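One structure is given below, encoded as structure tokens.
2 protein chains.
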Amino acid sequence: MTYQPPVRDHMFLLRDVLNIEQYGNLPAFADASIDVVEQIVEGAAQFTGEVLAPLNSIGDKTGCKLDPVTNTVTTPPGFKEAYRALCEGGWTGLGSDPAYGGQGLPHVVNLSFSEMSSSANMAFSMYPGLAHGAYSAIHTGGTDDQKQTYLPKMITGEWTGTMNLTEPHCGTDLGLLRTKAVPNGDGSYKITGQKIWISAGEHDMSDNIVHLVLARIEGAPAGVKGISLFIVPKFFPNADGSVGARNEGAKCVGLEEKMGIHGNATCVMQYDDAEGYLIGEENSGLKLMFVMMNEARLGVGLQGVAQAEAANQAAVAFAKDRLQGRSLTGPKNAEGPADPIIVHPDVRRLLLENKAIIEGGRAFLFWTALHGDLAHSHPDEAVRTKADDYMGLLTPVLKGYLTDRGFQVCSNAVQVHGGSGFTEHFPVSQYLRDCRIALIYEGTNGVQALDLVGRKLAAKGGRGVMTFFQEIDQFVGENDGDAELKPFVDALAATKAQLQDGTMWLMQNGLQNPDNAGAASTDYMHLFGLTGLAYMWVLMVKAANAKIAEGSTDPFFTTKVATARYFIERVLPDAAAHLAKLKTGSATLMALPAEAF
Amino acid sequence: MTYQPPVRDHMFLLRDVLNIEQYGNLPAFADASIDVVEQIVEGAAQFTGEVLAPLNSIGDKTGCKLDPVTNTVTTPPGFKEAYRALCEGGWTGLGSDPAYGGQGLPHVVNLSFSEMSSSANMAFSMYPGLAHGAYSAIHTGGTDDQKQTYLPKMITGEWTGTMNLTEPHCGTDLGLLRTKAVPNGDGSYKITGQKIWISAGEHDMSDNIVHLVLARIEGAPAGVKGISLFIVPKFFPNADGSVGARNEGAKCVGLEEKMGIHGNATCVMQYDDAEGYLIGEENSGLKLMFVMMNEARLGVGLQGVAQAEAANQAAVAFAKDRLQGRSLTGPKNAEGPADPIIVHPDVRRLLLENKAIIEGGRAFLFWTALHGDLAHSHPDEAVRTKADDYMGLLTPVLKGYLTDRGFQVCSNAVQVHGGSGFTEHFPVSQYLRDCRIALIYEGTNGVQALDLVGRKLAAKGGRGVMTFFQEIDQFVGENDGDAELKPFVDALAATKAQLQDGTMWLMQNGLQNPDNAGAASTDYMHLFGLTGLAYMWVLMVKAANAKIAEGSTDPFFTTKVATARYFIERVLPDAAAHLAKLKTGSATLMALPAEAF
Numbered sequence: 001m002t003y004q005p006p007v008r009d010h011m012f013l014l015r016d017v018l019n020i021e022q023y024g025n026l027p028a029f030a031d032a033s034i035d036v037v038e039q040i041v042e043g044a045a046q047f048t049g050e051v052l053a054p055l056n057s058i059g060d061k062t063g064c065k066l067d068p069v070t071n072t073v074t075t076p077p078g079f080k081e082a083y084r085a086l087c088e089g090g091w092t093g094l095g096s097d098p099a100y101g102g103q104g105l106p107h108v109v110n111l112s113f114s115e116m117s118s119s120a121n122m123a124f125s126m127y128p129g130l131a132h133g134a135y136s137a138i139h140t141g142g143t144d145d146q147k148q149t150y151l152p153k154m155i156t157g158e159w160t161g162t163m164n165l166t167e168p169h170c171g172t173d174l175g176l177l178r179t180k181a182v183p184n185g186d187g188s189y190k191i192t193g194q195k196i197w198i199s200a201g202e203h204d205m206s207d208n209i210v211h212l213v214l215a216r217i218e219g220a221p222a223g224v225k226g227i228s229l230f231i232v233p234k235f236f237p238n239a240d241g242s243v244g245a246r247n248e249g250a251k252c253v254g255l256e257e258k259m260g261i262h263g264n265a266t267c268v269m270q271y272d273d274a275e276g277y278l279i280g281e282e283n284s285g286l287k288l289m290f291v292m293m294n295e296a297r298l299g300v301g302l303q304g305v306a307q308a309e310a311a312n313q314a315a316v317a318f319a320k321d322r323l324q325g326r327s328l329t330g331p332k333n334a335e336g337p338a339d340p341i342i343v344h345p346d347v348r349r350l351l352l353e354n355k356a357i358i359e360g361g362r363a364f365l366f367w368t369a370l371h372g373d374l375a376h377s378h379p380d381e382a383v384r385t386k387a388d389d390y391m392g393l394l395t396p397v398l399k400g401y402l403t404d405r406g407f408q409v410c411s412n413a414v415q416v417h418g419g420s421g422f423t424e425h426f427p428v429s430q431y432l433r434d435c436r437i438a439l440i441y442e443g444t445n446g447v448q449a450l451d452l453v454g455r456k457l458a459a460k461g462g463r464g465v466m467t468f469f470q471e472i473d474q475f476v477g478e479n480d481g482d483a484e485l486k487p488f489v490d491a492l493a494a495t496k497a498q499l500q501d502g503t504m505w506l507m508q509n510g511l512q513n514p515d516n517a518g519a520a521s522t523d524y525m526h527l528f529g530l531t532g533l534a535y536m537w538v539l540m541v542k543a544a545n546a547k548i549a550e551g552s553t554d555p556f557f558t559t560k561v562a563t564a565r566y567f568i569e570r571v572l573p574d575a576a577a578h579l580a581k582l583k584t585g586s587a588t589l590m591a592l593p594a595e596a597f
Numbered sequence: 001m002t003y004q005p006p007v008r009d010h011m012f013l014l015r016d017v018l019n020i021e022q023y024g025n026l027p028a029f030a031d032a033s034i035d036v037v038e039q040i041v042e043g044a045a046q047f048t049g050e051v052l053a054p055l056n057s058i059g060d061k062t063g064c065k066l067d068p069v070t071n072t073v074t075t076p077p078g079f080k081e082a083y084r085a086l087c088e089g090g091w092t093g094l095g096s097d098p099a100y101g102g103q104g105l106p107h108v109v110n111l112s113f114s115e116m117s118s119s120a121n122m123a124f125s126m127y128p129g130l131a132h133g134a135y136s137a138i139h140t141g142g143t144d145d146q147k148q149t150y151l152p153k154m155i156t157g158e159w160t161g162t163m164n165l166t167e168p169h170c171g172t173d174l175g176l177l178r179t180k181a182v183p184n185g186d187g188s189y190k191i192t193g194q195k196i197w198i199s200a201g202e203h204d205m206s207d208n209i210v211h212l213v214l215a216r217i218e219g220a221p222a223g224v225k226g227i228s229l230f231i232v233p234k235f236f237p238n239a240d241g242s243v244g245a246r247n248e249g250a251k252c253v254g255l256e257e258k259m260g261i262h263g264n265a266t267c268v269m270q271y272d273d274a275e276g277y278l279i280g281e282e283n284s285g286l287k288l289m290f291v292m293m294n295e296a297r298l299g300v301g302l303q304g305v306a307q308a309e310a311a312n313q314a315a316v317a318f319a320k321d322r323l324q325g326r327s328l329t330g331p332k333n334a335e336g337p338a339d340p341i342i343v344h345p346d347v348r349r350l351l352l353e354n355k356a357i358i359e360g361g362r363a364f365l366f367w368t369a370l371h372g373d374l375a376h377s378h379p380d381e382a383v384r385t386k387a388d389d390y391m392g393l394l395t396p397v398l399k400g401y402l403t404d405r406g407f408q409v410c411s412n413a414v415q416v417h418g419g420s421g422f423t424e425h426f427p428v429s430q431y432l433r434d435c436r437i438a439l440i441y442e443g444t445n446g447v448q449a450l451d452l453v454g455r456k457l458a459a460k461g462g463r464g465v466m467t468f469f470q471e472i473d474q475f476v477g478e479n480d481g482d483a484e485l486k487p488f489v490d491a492l493a494a495t496k497a498q499l500q501d502g503t504m505w506l507m508q509n510g511l512q513n514p515d516n517a518g519a520a521s522t523d524y525m526h527l528f529g530l531t532g533l534a535y536m537w538v539l540m541v542k543a544a545n546a547k548i549a550e551g552s553t554d555p556f557f558t559t560k561v562a563t564a565r566y567f568i569e570r571v572l573p574d575a576a577a578h579l580a581k582l583k584t585g586s587a588t589l590m591a592l593p594a595e596a597f
């Protein structure tokens, strides 16, 4: 079973649920009529399905190879050619700034391509993915000169980029970082230190690699207040845009052996007096790194859904194909030796859970990405503010909730395969193994949950979450009279009430004792994710009902409604459990001394 | 972090919770005073910790190699020597029949060794594990001659054994199997067919391998009613007990590439006119295979707990060692650069969830295994009947629930490690990958759930489940006045009421429409598992409280009580969610046609 990009579902979201045509007055959307968008989505499907997907298993089985003498990395067979095709197709600059050669399309359209790339080949998609993060940091914080030097090359894909945060003794706690930067006197710095887990840190697909490296300028304050961000190119750029001498001090000295994403080079990067250039202000590197980080977090949430989609497609194909046992209510394939296993209710439970999470999660991602576009360029300040609040609030939810659930979906997909799912002859093992990293990198899901309850919830006096509640209340009020929609609206209202209850509990108890906030954080994040998906499912049912009311007999729409019903019956009951758990507070968690574990 | 066998917890269960000394009147227990048992448990800890655990990662990284010319398999370095030590230590015959050279110890004592072996090295432990299953089938169904020929050699470990069920087109649905048996006229048969996923099917550690193979005798009825079981030895046994000529028709022609358990040879076995001997009656092979299968299912449930234990030990060690960030309530390691991550409530949540599942699950396994001993040899028929009912009822619960939860525990353990957990430099990736098969083999967890609701629940008019409810009711009644125990007893009573509610729903709705039973099955199995663990936790608290009341200040006992509190606060709320889900019935699950997935 090869991955089939879900064009129909993407267009349903863009056209029918989000109705992106209504934003034609925004610059990014002006050139993106729905017909143009459909062409892009179809082109993305063709490219990712035909070029990237066939390389996924090869990447897993071959992995990357480091030559310890030259410090160069060879990517799996076919990756280099696929990367060239990616650049030639213009896919690297889809959402980038037209001022530097990008196509300036809405983020929400770019997201469609990103999801498909990640489903087709997660390890491959991380090379351009990291490059885009580095692009964003330079775009936000770079000088004009830096922008002119780096952005056009990164948009064409000729140069890629990386994020260098982690060191052996510090990951989450960046305040501990030791990599140092010594001024050369000419505005440049000598960077020295070791960075680990640097995705796409070295490879053979692009002419240059632009490392963005967090380091501490000699004499800077300790902790996070003394961290600066540096551009450390693998090759020095010439004035004419060509690639000059090798920045000898920057090299890859090791590759990690990992559970998954073998096709992506996870590098140990050694910087020994490597030449680097400050980007942004001294000692405010972390702020700029968070530009990349927030983008990366949404991208990781997307990976959760993307791996889930690919894994579930494989599971559905297997469940229709594998003949084993008979339906409990009598043969459904009487002429065959057995029924396909999709007749069994418990197999359907796994597949419908997957479908409900994937499609709800995808809608939540697209809906949020659209807010990213609105935050960026909507003419109405109130809309921009609300959208920006949502982006801050929802980023940790999307990252944490969707990757937790995405991994479960992949595990369900393995389960549908039975013994075949544990072998490497079927693609699901790889999806499960690849997906596992998404719960960890760019801040573990526990860190996301803490970011949510400790920072995002309280930001601006809780304005974001209150706006979110108001939006749902308003939607519920406006749609309460719609009899077809009522069961779904009621479920949304009930879940939102649970989330509000949990929010109140946090406000009352988290301030008193911050351990209460930490203790509640993951359950709260899941409760938030469930509420978000409940909202998305009602929006999708409403859009589907409208089509049905217009006379459509397309089973796509009735299937949406049935899947929403599954979500309410079989996924939402977890909300009450999360609420009950989070309200138990921190006393039991904190009672035991470390030795007792 | 190397695995440390949990001797203390095993002895707490055997001595304080189950009080196995009370069964001194039973033959298996007569020679197993608690002091002897303690020596065995300590010996098991030493052997598994020192001999098996160091080979676990080697097995994962090296795997098994098949020589396609000789059809022989080389196991990972060290496995052969470890196997010899296993045999020399007498570990292969711990629970086996003294009539054939076994030590005849209680199953519940053998379980202690099995758990430790599986934690230390799951892939290795499957070689003797499968052999014991084959031993049990021959012990139950073999002729005297067959028993005399095979059992002594299997007990010493000189010969191992396998189970051959699955064929490429049939796994769960054994009625489809095609491997055929043609009588030779001398009582033996020629066996022809291909079997896949045969764990330990070929290896270099024992002198002989005794394959138990399901096949259809020429002319036998179609479906499960025409399946017979055959002994197909790799080498023909000589009359003097030595190994004779090679059974040329039986060979390994392939090894599976798998997500985990690389150290175990998962073989494609090709039988071409291999000589085999009927065991048991013609056409009743499945019944005998279920002797092995039920034993194997308990063993797989145990693997869930065993991998969870090993993974969690690694997570605890990492959480105490890794310095990152500060406690939300102020530094706990002020002289260090950061606090150990075990100060963070969400890290503790992961570790306590693991602890609550592992220790509760272990107790449930030991408690059930003890019923296995009682069913076998208690002088009171009523006790035997009840114990036998429990074994039937609880086997699918232990297999399905404990492996589902065991995998979650392993995933939690990866999560505690952050990025390190995704690399292969730390042991947790292997535990997660190895553990994943436990949800699948010996009947997927979906098949377990269906066995529970479709067969075991209704067996003998529901006698087993009703006895289980009565036992809990009686315990609740007897302990209701114990103020210390009351919160735990109340939680048990409430969970049991939910399970009873779910059982009633199933009885009313499952008969009406079997799809309702299938649709409810997995949630019901989890609700059952939660109830079982709730009961175990109350029993453990009661035993711990007794020690505390006697004046013990050992933190082991207060930790038990605190972990039980975590279980009630943070694990049991899922019970209500499972009940709500299972009561939604099958309508939504069955609504969509296969094409809609």
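From first to last, the protein sequence lines stand for chains A and B.
For the first sequence, UniProt numbering begins at 1 and goes up steadily by one.
For the second sequence, UniProt numbering begins at 1 and goes up steadily by one.
By construction, the Cβ of each residue, glycine as well, lies at the ideal position given by its N, Cα and C atoms.
Predicted model only: the values in this text are computed from it and were never measured.
Beta-carbon spacing of residue 204 of chain A, residue 69 of chain A below 8 Å: Within the first sequence, numbered from 1, the residue matching residue 204 of chain A stands at position 204. Within the first sequence, numbered from 1, the residue matching residue 69 of chain A stands at position 69. Contact flag unset, no.
Start and end residues, beta strand (DSSP E) containing residue 514 of chain A: Taking the first residue of the first sequence as 1, we reach residue 514 of chain A at position 514. Per DSSP, residue 514 of chain A belongs to no beta strand (DSSP E); it is in the alpha helix (DSSP H), 514-549.
Give me the residue from B/209, B/40, B/285 with the minimum Cα distance to residue 155 of chain B. In the second sequence, the residue the question calls residue 155 of chain B occupies position 155. Nearest of B/209, B/40, B/285 to residue 155 of chain B, Cα basis: B/209.
Leaving aside the five residues before and after residue 283 of chain B along the sequence, list all residues of the same chain whose C-beta is less than 8 Å from its C-beta, in chain order. As a first step, residue 283 of chain B is located in the second sequence; it is residue number 283 there, counting from the start. These residues qualify, in order along the chain: 217, 220, 221, 225, 226, 227, 228.
Closest to residue 372 of chain A by CA distance: which of A/165, A/316, A/380, A/392 is it? In the first sequence, residue 372 of chain A corresponds to position 372, counting from 1. Nearest of A/165, A/316, A/380, A/392 to residue 372 of chain A, Cα basis: A/392.
Counted within 10 angstroms of its Cβ, other Cβ atoms place residue 184 of chain A as buried (16 or more) or exposed: Reading the first sequence from its first residue, position 184 is the one you call residue 184 of chain A. Exposed.
In this structure, does DSSP put residue 401 of chain A in helix, strand or coil? Numbered from 1 along the first sequence, position 401 holds the residue referred to as residue 401 of chain A. DSSP places residue 401 of chain A in helix when its eight states are reduced to three.
Starting from the beta carbon of residue 409 of chain B, find every residue of chain A whose beta carbon is closer than 8 Å, and list them in chain order. Against the second sequence, residue 409 of chain B aligns to sequence position 409. Per Cβ cutoff of 8 Å: no residues; residue 409 of chain B is ~13 Å from chain A at best.
Would you give the residue range spanned by the alpha helix (DSSP H) that residue 12 of chain A belongs to? The residue given as residue 12 of chain A occupies position 12 in the first sequence. Under the DSSP assignment, residue 12 of chain A falls outside any alpha helix (DSSP H); it carries neither an H nor an E label.
Candidates B/390, B/440, B/361, B/308: closest to residue 539 of chain B by CA position: On the second sequence, residue 539 of chain B is found 539 positions in, with the first residue counted as 1. Of B/390, B/440, B/361, B/308, the residue nearest in Cα terms is B/361.
Would the region 449-464 of chain A and the region 519-537 of chain A be scored as touching if the rule is three or more Cβ pairs under 8 Å? Three or more pairs of CB atoms, one per stretch, sit closer than 8 Å, so the region 449-464 of chain A contacts the region 519-537 of chain A.
Listing by chain order, which chain B residues have their CB less than 8 Å from the CB of residue 347 of chain A? What you label residue 347 of chain A is simply residue 347 of the first sequence in a count that begins at 1. Near residue 347 of chain A (Cβ distances below 8 Å), the residues of chain B are 446.
I'd like the list of long-range same chain contacts for residue 170 of chain B, defined as Cβ closer than 7 Å, with 5 residues on each side in sequence excluded. Taking the second sequence and counting its residues from 1, the one referred to as residue 170 of chain B is at position 170. Taken in chain order, the residues that qualify are 176, 177.
Could you give the DSSP three-state label for residue 388 of chain B: helix, strand or coil? Within the second sequence, numbered from 1, the residue matching residue 388 of chain B stands at position 388. Helix, per DSSP.
Whose C-alpha, out of B/11, B/487, B/519, is nearest the C-alpha of residue 36 of chain B? On the second sequence, residue 36 of chain B is found 36 positions in, with the first residue counted as 1. Nearest option by C-alpha distance: B/11.
Pick from A/132, A/223, A/79, A/119 that is closest to residue 96 of chain A, judged by C-alpha positions: For this step, residue 96 of chain A is matched to residue 96 along the first sequence. With distances taken between Cα atoms, residue 96 of chain A lies closest to A/132.
Touching by the beta-carbon criterion (3+ pairs, under 8 Å), the region 339-359 of chain B and the region 322-329 of chain B: Segments in contact, yes.
Tell me whether residue 486 of chain B is buried or exposed, calling it buried when 16 or more other Cβ atoms sit within 10 Å of its Cβ. Looking up residue 486 of chain B in the second sequence gives position 486. With fewer than 16 Cβ atoms within 10 Å of its Cβ, residue 486 of chain B is classed as exposed.
Mind checking the region 472-484 of chain B against chain A and listing, in chain order, the residues whose C-beta falls within less than 7 Å of any C-beta there? Residues passing the 7 Å Cβ filter: none.
Between the region 315-330 of chain A and chain B, which residues of the former have a C-beta closer than 7 Å to a C-beta of the latter? So the close ones are 316, 320, 324, 325, 328, 329.
Should residue 173 of chain B be flagged as near chain A, meaning a C-beta pair shorter than 8 Å? For the purposes of this step, residue 173 of chain B is taken as residue 173 along the second sequence, with counting starting at 1. At least one C-beta of chain A is nearer than 8 Å to the C-beta of residue 173 of chain B.
Using the beta-carbon count (16 or more within 10 Å), is residue 577 of chain B buried or exposed? As a first step, residue 577 of chain B is located in the second sequence; it is residue number 577 there, counting from the start. Counting other Cβ atoms within 10 Å of its Cβ, residue 577 of chain B reaches 16 or more and is therefore classed as buried.
Please list, in chain order, the residues of the region 20-46 of chain A that have any C-beta partner in chain B closer than 7 Å. Hits within the stretch: zero.
Terminal residues of the beta strand (DSSP E) in which residue 267 of chain A lies: Counted from its first residue, the first sequence places residue 267 of chain A at position 267. For residue 267 of chain A, the enclosing beta strand (DSSP E) stretches over residues 266-279.
Going along the chain, which residues of its own chain have a beta-carbon closer than 7 Å to the beta-carbon of residue 167 of chain B, five neighbours each way excluded? Translated into positions along the second sequence, residue 167 of chain B becomes position 167. Cβ neighbours of residue 167 of chain B beyond the five flanking positions: 177, 178, 179, 193, 194, 195, 196.
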